[in-house]
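Reviewing the structure listed below.
Residue numbers (my numbering): 257 to 665.
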């Protein structure tokens, strides 16, 4: 007899497009992040081109990505414990100020002509340490601002501004790097952090974001968070898929300068166009998810990852710039559908008392998988080439998605 599999995960109610914007605090935070994300994407593109210009090495591209994200794995759970205890608005103000100083330092070194690869590596590590606190704090703060009833809308809106910046900023960064050099992108990023800082400064502290009980030790809170996630099968399965997409699927991102240069015979302008194409697809998906498709299901998690893998395999086989851009747009669309559904399901499954710690573990999964995948992609690319490396990652995503759909709790 055939058994029909149904989703038992809770899902937020479907609401009108952008419904989370009815909350004044979230509106401020949304606008501040929209400004900041433009600068962050410009820095990401400029930094990858700077590393490639300084070294000409795909391995070094992977290493910079690795050292910039591995601190989230090392310190992320501690950052989540801090975010479950310290008022989150105040905590995010501090992390945004630290990001501003990091970007300003990289800008000063580059504009002065003093920058060396070890400077980039050191500042990437600093970025990762700050991110270990910032990521769980921001993810939990979103629920503080809108509540669970508008969570699906808020997660999708956050994805939409992330991907709108991903669409516009890389092309701007590519043109700016070609005209003036990487340093001005870093300087603009430093200024862009003022968007979030100003928004938080004028915002009232949400009542639910005043921190947890002070009597419990930080180590005990960390252990509690680990025990909660370890005993929750559906959350563990979602984290496994997130880890797979980071380890095997995100190799295309770190190898973009190599594809732009060696495969498609372009330069920084081609790099910007490729990254903007991925952003265009991601933006289209996030806008759809913010509206009538804002629900989440296990099927969307699985088929989003499967479609992402198919698009990666096709991209790896392409040698035509326009086709490559179209395939990256499809990949971005599928990845957003997968990631947004996954994050909404986790946020709906976790109780408030464990929210920041669970989201820290969730982020840690991606943040250890992605730099490890970047390092692996850089090493493989030097040995078997960038195209087989990306194709291999796509196949792994397809197989993992099918396994999740068949066996996940």
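Just so it is clear, CB atoms sit at the ideal spot from N, CA and C, and this is done for glycine as well.
Predicted model only: the values in this text are computed from it and were never measured.
Can the beta-carbon of residue 358 be found closer than 9 Å to that of residue 379?
Start at 1 with the first residue of the chain shown, and residue 358 comes out as number 102. Start at 1 with the first residue of the chain shown, and residue 379 comes out as number 123. For residue 358 and residue 379, yes; Cβs fall inside 9 Å.
Whose CA, out of 301, 291, 498, 315, lies closest to the CA of residue 637?
Working through the chain shown from its first residue, we reach residue 637 at position 381. Closest option to residue 637, Cα to Cα, is 315.
On the premise that residue 627 lies in contact with residue 336, defined as a C-beta separation below 8 Å, what is that separation, rounded to the nearest angstrom?
The residue you call residue 336 lines up with position 80 of the chain shown. The residue you call residue 627 lines up with position 371 of the chain shown. That belief does not hold up - the Cβ atoms of residue 336 and residue 627 are roughly 19 Å apart, past 8 Å.
Verify whether the separation of the beta carbon atoms of residue 524 and residue 650 is less than 9 Å.
Within the chain shown, numbered from 1, the residue matching residue 524 stands at position 268. Within the chain shown, numbered from 1, the residue matching residue 650 stands at position 394. Not a contact, by the Cβ cut-off of 9 Å.
Quick check: the region 489 to 505 against the region 606 to 619, are at least 3 beta-carbon pairs closer than 8 Å?
yes
Three-state secondary structure (DSSP) at residue 449?
Along the chain shown, one-based indexing puts residue 449 at 193. If DSSP states are grouped into helix, strand and coil, residue 449 belongs with coil.
Under 9 Å between C-beta atoms of residue 531 and residue 644
Counting from one through the chain shown, the residue named residue 531 turns up at place 275. Counting from one through the chain shown, the residue named residue 644 turns up at place 388. The answer is no: Cβ separation not under 9 Å.
Using three-state DSSP, classify residue 607 as helix, strand or coil.
The residue you call residue 607 lines up with position 351 of the chain shown. Residue state, collapsed to three classes: coil.
What would DSSP say about residue 521, mapped onto helix, strand or coil?
The sequence position of residue 521 within the chain shown is 265, counting from 1. Reduced to three states, the DSSP call for residue 521 is coil.
For residue 459, does the three-state DSSP call read helix, strand or coil?
The residue given as residue 459 occupies position 203 in the chain shown. Here residue 459 sits in coil by DSSP.
Whose C-beta lies closer than 6 Å to the C-beta of residue 290 among residues of the same chain, with five residues either side of it excluded?
By one-based count along the chain shown, residue 290 stands at place 34. Excluding positions up to five away in sequence, the list reads 417.
is_contact[residue 612, chain B] using C-beta, thresh 9 Å:
The structure shown contains no chain B, having only a single protein chain.
CB-CB length for residue 510 against residue 652, believed under 8 Å:
The residue labelled residue 510 in the question sits at position 254 within the chain shown. The residue labelled residue 652 in the question sits at position 396 within the chain shown. About 16 Å separates the two Cβ atoms, so there is no contact after all.
Within the chosen definition, does the region 359 to 376 reach the region 595 to 611 through at least 3 CB pairs nearer than 8 Å?
no
For residue 663, the three-state DSSP class (helix, strand or coil)
Taking the first residue of the chain shown as position 1, residue 663 is located at position 407. Helix.
For the region 380 to 399 against the region 575 to 582, do three or more pairs of beta-carbon atoms, one drawn from each stretch, fall closer than 8 Å, so that the two count as touching?
no
Considering Cα atoms alone, identify which of 407, 301, 383 is closest to residue 602.
To locate residue 602, count along the chain shown from 1; it is residue 346. Residue 602 has its Cα closest to that of 407, out of 407, 301, 383.
Could you tell me how far apart the beta carbons of residue 305 and residue 433 are, in whole angstroms, since I believe they sit closer than 8 Å?
Start at 1 with the first residue of the chain shown, and residue 305 comes out as number 49. Start at 1 with the first residue of the chain shown, and residue 433 comes out as number 177. Right, the Cβ-Cβ distance comes to about 6 Å (below 8 Å), so this counts as a contact.
Proximity winner among 383, 345, 438, relative to residue 401 (alpha-carbon distances):
Stepping through the chain shown from its first residue, residue 401 is reached at position 145. When each option's Cα is compared against that of residue 401, the closest is 345.
Can you list, in chain order, the residues of its chain with a C-beta nearer than 7 Å to that of residue 500? Leave out the 5 residues immediately preceding and following it.
The residue given as residue 500 occupies position 244 in the chain shown. Correct list, in chain order: 652, 653, 656.
Cβ neighbour criterion (16 or more within 10 Å) applied to residue 372:
The residue you call residue 372 lines up with position 116 of the chain shown. Flag for residue 372 reads exposed.
Extent of the continuous alpha helix (DSSP H) to which residue 327 belongs
In the chain shown, the residue the question calls residue 327 occupies position 71. Where residue 327 is concerned, the enclosing alpha helix (DSSP H) stretches over 314 to 339.
My guess is that residue 329 and residue 623 are in contact by the Cβ rule of under 8 Å, so how many angstroms apart are they, rounded?
As a position in the chain shown, residue 329 is number 73, starting the count at 1. As a position in the chain shown, residue 623 is number 367, starting the count at 1. With a Cβ gap of about 5 Å, residue 329 and residue 623 count as contacting.
Give the straight-line distance between the Cα atoms of residue 661 and residue 311, rounded to the nearest whole angstrom.
Against the chain shown, residue 661 aligns to sequence position 405. Against the chain shown, residue 311 aligns to sequence position 55. Each residue's Cα considered, the two are about 42 Å apart.
Taking a contact to mean a Cβ-Cβ separation below 9 Å, would you say residue 573 touches residue 647 in this structure?
The residue labelled residue 573 in the question sits at position 317 within the chain shown. The residue labelled residue 647 in the question sits at position 391 within the chain shown. Result yes, Cβ atoms of residue 573 and residue 647 sit closer than 9 Å.
In the structure shown, what three-state DSSP assignment does residue 438 receive?
Along the chain shown, read from residue 1 onward, the residue named residue 438 stands at position 182. Reduced to three states, the DSSP call for residue 438 is coil.
Beta-carbon proximity check, residue 459 vs residue 625, cutoff 9 Å
Residue 459 sits at position 203 when you count from the first residue of the chain shown. Residue 625 sits at position 369 when you count from the first residue of the chain shown. No, Cβ-Cβ distance for residue 459 and residue 625 is not below 9 Å.
Compute the Euclidean distance between the alpha carbons of residue 629 and residue 349, then round it to the nearest angstrom.
Mapped onto the chain shown, residue 629 falls at position 373. Mapped onto the chain shown, residue 349 falls at position 93. The alpha-carbon atoms of residue 629 and residue 349 are separated by roughly 31 Å.
Please list the segments of the alpha helix (DSSP H) lying wholly inside the region 566 to 628, counting only runs of 4 or more residues, in order along the chain.
577 to 605
If we call anything under 9 Å between Cβ atoms a contact, is residue 319 one with residue 631?
The residue labelled residue 319 in the question sits at position 63 within the chain shown. The residue labelled residue 631 in the question sits at position 375 within the chain shown. The answer is yes: Cβ separation under 9 Å.
Assuming contact is defined by CB atoms lying nearer than 9 Å, are residue 449 and residue 356 in contact in what I supplied?
Within the chain shown, residue 449 is the residue found at index 193, counting from 1. Within the chain shown, residue 356 is the residue found at index 100, counting from 1. Going by C-beta atoms, residue 449 is nearer than 9 Å to residue 356.
Tell me the rounded alpha-carbon separation between residue 641 and residue 519.
Within the chain shown, the letter at position 385 stands for residue 641. Within the chain shown, the letter at position 263 stands for residue 519. Answer to the nearest angstrom: the Cα atoms are 10 Å apart.
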